[in-house]
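The sequence shown runs -26 to -1, 1 to 517 under mature numbering (1 follows the signal peptide of the UniProt record, and there is no 0). One structure is given here, and the rest of the page talks about it.
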Amino acid sequence: MQLVGAGNSIIWRLSAILLVLGIVIAEDPYRFMEWNVTYGDIYPLGVRQRGILINGQFPGPGIYAVTNDNLIINVHNNLPEPFLISWSGLQNRKNSFEDGVYGTTCPIPPGKNFTYKLQAKDQIGSFYYFPSLAFHKAAGGFGGIRVLSRPQIPVPFPQPAADHRLLIGDWYKTDHQILKATLDSGRMLPSPDGILINGRGRNGALFIFKQGKTYRLRITNVGLQSTLNFRIQGHQMKLVEVEGTHTVQSTYSSIDVHVGQSYSVLVTANQAPKDYYIVVSTRFTNQVLTSTAILSYKNSAGKASGPIPNAPFGLDWSLNQARSIRTNLTASGPRPNPQGSYHYGQIKIEKTIMLQTSEGKVNGKQRFGINSVSFVPGDTPLKLADYFNIKGVFRVGSMPYFPTGRPISLDTSVMGLDYKAFVEIIIQNSDNNIVQTFHLNGFYFRVVGMDKGQWRPSSRSQYNLKDAVSRYTTQVYPMSWTAIVVALDNKGMWNLRSEIWARQYLGQQFYLRVYAPGNSTRDEYPIPDNALLCGKAAGKKLI
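Okay, structure coming up:
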């Protein structure tokens, strides 16, 4: 990965000269990357299969940035089909045009390239990217994103000896196009075949620690459907960050990482100098899948041995752990002010929305939805249809604010909400077996409550209105509810979706149109001058 290109080096030299002359430079630094997307042979579970490689790598190259850095990523699509990358957690402030999902962004045609222009605006933390189109996520094409604090912003823990990414997730040996065809035919996928850690199966990944040193592990579940429990033989983990928020530094022996979620932990090498198992296993599944990596002390005296540590048992354990994860109110975020300076519990809720998971058959094929509406893509990205005022692509209000109790139906579902509104969203999981996770592009939200059973207005009495964790992906346990509050301070068209990827593919998603009249760049950036135009927007002239 090229972090700083030749052009960027010139910018830095010019900046240094101007600073010497006393001229203030207002523009934030740039990081340039060239990515080549191809198919290639991979062997993650010991058998050859076709994977999506970026610059020949599986998983793809990591992105390293500092708060407010501009990321210029030129993606060359050398697949024989369209391709699209989404940036999970990078909020794309004021710019849903480059969100990287089909509702906002045209795919890159085969043999063509597109340059994403992103900014880690007022952000820190652990994120990831992945391919969002055509069930490509089951073939690879994902990687980690690290956004570090600026040097002048204090971090609430000592500098670790090293910073490691661990991309964990369930995996199929079956080709992704066969999996896609299974879903297209109206059938459900079988259980996954295994668990990967950084793209490798059992004992394939190695992490070397020096005795007495403390290390930061950034753990992201990039899988398709399985909640995973993460633990390290003989070691404790201190949680310090969740998806861009510094947390109260609680210590855990294991952590449940739900699909699409990211956690940062500190681990101190304070045991006898030998090798230890890093263990990842599925939770809430009939068949438990387990994989391991190796934590090896630099002066290791022996290989990892003995039984691997067991995962916890039961939903209550996971629910109680989730409730224990809270924001560190005294720590600075990306700006030099404490995270507790935002008193979200004192803001009046302007609108309550209830979302209930739905499923059923439409024309004999399995579909999933929200509030009885199963999303089908329009023939044009919704953001472009909105921008060019193209009629007939979507209808604001096609996603209701509350469950309807009707049979599931198909629509290009869009919910209309006002820019800068403060809303409460209750997500009700009506499934007996599946732990859901839901992601909202473009925003952080506060997870103020979760519990088993049906949400009622009286449930608000148990909300955490002081230090609820701020994140962008939350779990909803079986036959349970989760409540979030969010300030809609990011104008645009934003995807709210299930992270259980087969369900997302079969319609369990919709778009929030966060709207304000006018075209002020204070509220939303103009359409990028290199924007791809497709569908009914093809051939249009940028305004």
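No residue lacks a Cβ here, since even glycine has one placed at the ideal position from N, Cα and C.
Would you mind working out which of the options sits nearest residue i, comparing C-alpha positions?
i: residue 336; options: 203, 101, 11 and 160; result: 160
i: residue 154; options: 377, 342, 480 and 235; result: 480
i: residue 497; options: 119, 70, 41 and 306; result: 70
i: residue 277; options: 283, 285 and 268; result: 268
i: residue 516; options: 117, 360, 272 and 307; result: 360
i: residue 391; options: 365, 466, 349 and 380; result: 466
i: residue 177; options: 432, 270, 114 and 488; result: 270
i: residue 315; options: 440, 431, 238 and 430; result: 440
i: residue 325; options: 393, 347 and 295; result: 393
i: residue 506; options: 53, 88 and 24; result: 88
i: residue 38; options: 354, 442, 86 and 100; result: 100
i: residue 201; options: 187, 427, 288 and 301; result: 288
i: residue 86; options: 108, 175 and 53; result: 53
Rounded to a whole number of angstroms, what is the C-alpha to C-alpha distance between residue i and residue j?
i: residue 106; j: residue 452; result: 26 Å
i: residue 112; j: residue 406; result: 25 Å
i: residue 194; j: residue 408; result: 19 Å
i: residue -21; j: residue 240; result: Confidence at residue -21 is low in this model, with a pLDDT of 35, below 50, so its placement is unreliable and no value can be given for it.
i: residue 413; j: residue 75; result: 13 Å
i: residue 385; j: residue 304; result: 45 Å
i: residue 143; j: residue 486; result: 28 Å
i: residue 7; j: residue 331; result: 39 Å
i: residue 116; j: residue 32; result: 8 Å
i: residue 123; j: residue 382; result: 45 Å
i: residue 539; j: residue 311; result: Nothing about residue 539 can be reported from this structure: the residues present for the chain run from -26 to 517 only.
i: residue 2; j: residue 119; result: 18 Å
i: residue 245; j: residue 209; result: 8 Å
i: residue 299; j: residue 389; result: 30 Å
i: residue 213; j: residue 163; result: 34 Å
i: residue 227; j: residue 211; result: 6 Å
i: residue 456; j: residue 398; result: 11 Å
i: residue 156; j: residue 199; result: 16 Å
i: residue 223; j: residue 376; result: 37 Å
i: residue 82; j: residue 342; result: 27 Å
i: residue 490; j: residue 464; result: 10 Å
i: residue 272; j: residue 243; result: 10 Å
i: residue 295; j: residue 510; result: 48 Å
i: residue 51; j: residue 77; result: 19 Å
i: residue -23; j: residue 9; result: Below a pLDDT of 50, predicted positions are generally treated as unreliable, and residue -23, at 33, falls in that range; the measurement from the model is reported next regardless. C-alpha separation (whole angstroms): 14 Å.
i: residue 84; j: residue 25; result: 16 Å
i: residue 340; j: residue 334; result: 6 Å
i: residue 186; j: residue 59; result: 40 Å
i: residue 56; j: residue 234; result: 23 Å
Let me confirm a value: residue i is counted as buried when at least 16 other C-beta atoms fall within 10 Å, else exposed. Which label applies?
i: residue 513; result: exposed
i: residue 15; result: exposed
i: residue 468; result: buried
i: residue 40; result: buried
i: residue 73; result: buried
i: residue 275; result: exposed
i: residue 110; result: buried
i: residue 473; result: buried
i: residue 173; result: buried
i: residue 80; result: buried
i: residue 22; result: exposed
i: residue 261; result: exposed
i: residue 338; result: exposed
i: residue 166; result: buried
i: residue 353; result: exposed
i: residue 301; result: buried
i: residue 432; result: exposed
Below 8 Å on the Cβ atoms is my contact criterion, and I expect residue i with residue j to pass it. Report the Cβ-Cβ distance as a whole number of Å.
i: residue 28; j: residue 34; result: 4 Å
i: residue 61; j: residue 103; result: 5 Å
i: residue 258; j: residue 229; result: Not confirmed; about 15 Å, so no contact.
i: residue 450; j: residue 403; result: 4 Å
i: residue 436; j: residue 423; result: 6 Å
i: residue 13; j: residue 49; result: Going by Cβ atoms, the distance from residue 13 to residue 49 rounds to 15 Å, so no, they are not a contact pair.
i: residue 519; j: residue 255; result: For residue 519 there is no data in the structure shown, the boundaries of the chain being -26 and 517.
i: residue 180; j: residue 18; result: So it is not a contact: roughly 16 Å between Cβ atoms.
i: residue 344; j: residue 482; result: 6 Å
i: residue 308; j: residue 97; result: 6 Å
i: residue 192; j: residue 236; result: 7 Å
i: residue 350; j: residue 373; result: At roughly 12 Å, the Cβ-Cβ gap does not stay under 8 Å, so residue 350 and residue 373 are not in contact.
i: residue 430; j: residue 458; result: About 17 Å; that fails the 8 Å criterion.
i: residue 134; j: residue 190; result: 4 Å
Any beta carbon of chain B sitting closer than 8 Å to that of residue i?
i: residue 507; result: No chain B appears in this structure, which consists of one protein chain only.
Any contact between the segment 211 to 225 and the segment 430 to 446? By contact I mean 3 or more CB pairs, one from each, below 8 Å.
yes
Meets three-Cβ-pair contact criterion under 8 Å: the segment 499 to 511 and the segment 137 to 147:
no
Tell me whether the segment 314 to 323 and the segment 232 to 249 touch, counting them as touching only if at least three CB pairs, one residue from each stretch, are closer than 8 Å.
Between the segment 314 to 323 and the segment 232 to 249, the count of Cβ pairs shorter than 8 Å is below three; the stretches do not touch.
Would you say the segment 355 to 372 touches the segment 277 to 292, given that touching needs at least three Cβ pairs under 8 Å?
no
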